[in-house]
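Chains Y and B are the protein sequences, given in the same order.
So for the first sequence, this note's numbering puts the first residue at 1; every next one is plus one.
So for the second sequence, this note's numbering puts the first residue at 1001; every next one is plus one.
The block underneath contains the structure these notes are about, expressed in structure tokens.
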Amino acid sequence: MIIPRVPVQHRRLLPDHRLSGPTPWVIAILMMLTLLAAAAGVGLARSANAIGDAIAGRVTVQIVTANPVTRAEQAAALRRAAAAQPFVLSARSVEQEELQATLGQWFGSSEGDDPVLKSLPLPALVDIDFVGEDRTVHMRALQALVAREAPGARIIPHAEWLGPVARLIRSLAWIAGVMVLLMALASAAVVIMTARAALGTHYATIEMLHMIGATDRQITRLFQRRIAIDTAYGIALGSLVAAAILLLIGWQWSGVTSGLAATASLGPAGGALLLALPLLAIALAALTARQTLLAALKKIL
Amino acid sequence: MVEFDGVGLRYGPDAEVLSDISFNLQPGSFYFLTGASGAGKTSLLKMLYLAQRPSRGIVRLFGEDLVAMPRHRLPGFRRRIGVVFQDFRLIPHLSARDNIALPLRIAGVSEEDLSGPVGEMLSWIGLGDRADARPATLSGGEQQRVAIARAVIARPQLLVADEPTGNVDPEMAMRLLGLFEALNRLGTTVVVATHDIHLISRIENAQMMRLERGRLADPTGALRYPPANRA
């Protein structure tokens, strides 16, 4: 049991005031940081997975034939031919207006009436999504198709330029995971120090209890219960603050609909993990306290 | 009941504080343990109430070898021993009633079953009207009586008392001795460490155990081989 049941009369063996002083506050801060790090880790991992899935089977064929009419014909022919292939899930020509709108963000003109922008020789682009996972074979088939329909065109796998971003996000998620582990270790260390301090403070009582025949288990349950309750207060407080922060971030995040940021979310599994973390933390604290107390009591005859 | 055979005790690398201690305590007997300060009385008592294992020798308690006994079995033996400490060692935040009830609670006696014996014990030691008082509000004599009540509430087979009358006036000392004697009549083996020669003379059948520089004086061999055990 996480918080052991101890008869009321036995609970009085320890004084009414708290054992651990600042422990609940330290635990509250650690719990808050743990939950925020966990939420960041989960969000980043989901984002990395979403990006990875999106880019894994997608390529863009860039047709740079100088003649705009030929370029457009090649693009249309390639789109039609690609769409008819069994290994292609979808093929789409990127409209010139779409390209100009994208470039317009860099040129500072979103209206599309920038004369410089209009005069640029833009390539024709065809986005192709592959079917399934076997991209090497698909790529070879596409290369043959491109060579036939649009000689000289370049095939650009999205994984080439978005892959490093996905890897970076995944690394950040791992770092967040490591931070969660480190903070769990720090919390355990705080509990160990609290348990040892409690034993030191109440040594005379413990010695007396030993002398009249109390078992290690009886004494441990007393202290374990008190430490677990103190820790639970801290964990509850830290969790509440973290929940408030996460709700605020979530509310602000809901307004973000574009780019990579839109792929970040907790999801049901992430939410369940965040809900489970405080309970796991209480269990960890109780177990740590129990082992520390039992180890310390074994040093007394 | 208690058998020490060639027992020695040393703390760390220092010389032995107790050497070649051999005796055999008979059930239902009354013993006074005497000796000058530093003779090793408290160390010997510590071994009797299982707060210390000997460095060498054999210690048998209630028929079992305590030297080799695993630690987890000791609480069961401690519940059969009552201890009165010189400095009382009452738990300061507990009332007199709760201090006295402690051994019964640790032994798992229900609240229903322990209220009667604890009330009787409080009356017996004359503190029925101070049951809810904390130790800090009790006089030295009252604290000593609570400590004694705690030691005897669970009807121990062996009662060990370290200078139990050191903090009380002569009248109270005699009353406390009366408590020990009454318990002894009920079958409890009593070992009292004391300097008080007047106290010793009050118990007729008490036997003396005298420690001199860490060794037990037993010129007739009566402590090691009590008459009842002699062939």
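Cβ coordinates follow ideal geometry from the N, Cα and C atoms, glycine included.
- Within the stretch 117–194 of chain Y, the runs of alpha helix (DSSP H) at least 4 residues long that lie entirely inside it are, in chain order, 135–149.
- Between the alpha carbons of M179 of chain Y and G270 of chain Y lies a gap of roughly 16 Å.
- For Y1031 of chain B, the beta-bridge partners assigned by DSSP are B:V1191, B:Q1207.
- In the DSSP assignment, T60 of chain Y falls within the beta strand (DSSP E) that extends over 58–63.
- Following the DSSP letters along the chain, one finds I1058 of chain B inside the beta strand (DSSP E) bounded by residues 1056–1061.
- In this structure, A48 of chain Y places its C-beta atom within 8 Å of the C-beta atom of A173 of chain Y.
- Distance from the Cα of T34 of chain Y is smallest, within the candidate group Y:L297, Y:A281, Y:F107, for Y:A281.
- Interface residue (Cβ-Cβ distance to chain B less than 8 Å): L301 of chain Y is classified as such.
- Look at L209 of chain Y: its C-beta is under 8 Å from a C-beta on chain B.
- When the five nearest sequence neighbours on each side are left out, the beta carbons in the same chain lying within less than 6 Å of the beta carbon of V1192 of chain B are those of F1032, A1161, in order along the chain.
- Nearest CB-CB separation between T215 of chain Y and chain B: below the 8 Å threshold.
- Each of B:L1018, B:D1087, B:P1054 was checked against the Cα of V1067 of chain B, and the nearest Cα belongs to B:P1054.
- Inter-segment contact for the stretch 47–62 of chain Y and the stretch 164–172 of chain Y is present: three or more beta-carbon pairs are separated by less than 8 Å.
- At least 8 Å separates the CB of I51 of chain Y from every CB of chain B.
- The three-state reading of DSSP puts E1181 of chain B in helix, counting H, G and I together.
- Across the stretch 194–206 of chain Y, CB contacts with chain B closer than 9 Å involve A204, T205, in sequence order along the chain.
- Between A38 of chain Y and L277 of chain Y, the C-beta spacing is below 8 Å.
- The beta carbon of A232 of chain Y is closer than 6 Å to those of I282 in its chain, skipping five residues each way along the sequence.
- Residues of chain Y whose Cβ lies closer than 8 Å to the Cβ of R1079 of chain B are, in chain order, I212, G213.
- Contacts with chain B at 8 Å (Cβ-Cβ) include Q218 of chain Y.
- The alpha-carbon separation between R135 of chain Y and A195 of chain Y amounts to approximately 57 Å.
- Residue environment analysis places E1016 of chain B among the buried positions, since at least 16 neighbouring C-beta atoms fall within 10 angstroms of its C-beta.
- Cβ-Cβ separation between I1125 of chain B and A1149 of chain B: approximately 5 Å, consistent with a contact (criterion under 8 Å).
- Within 10 angstroms of the beta-carbon of V1190 of chain B lie 16 or more other beta-carbons, which makes it buried.
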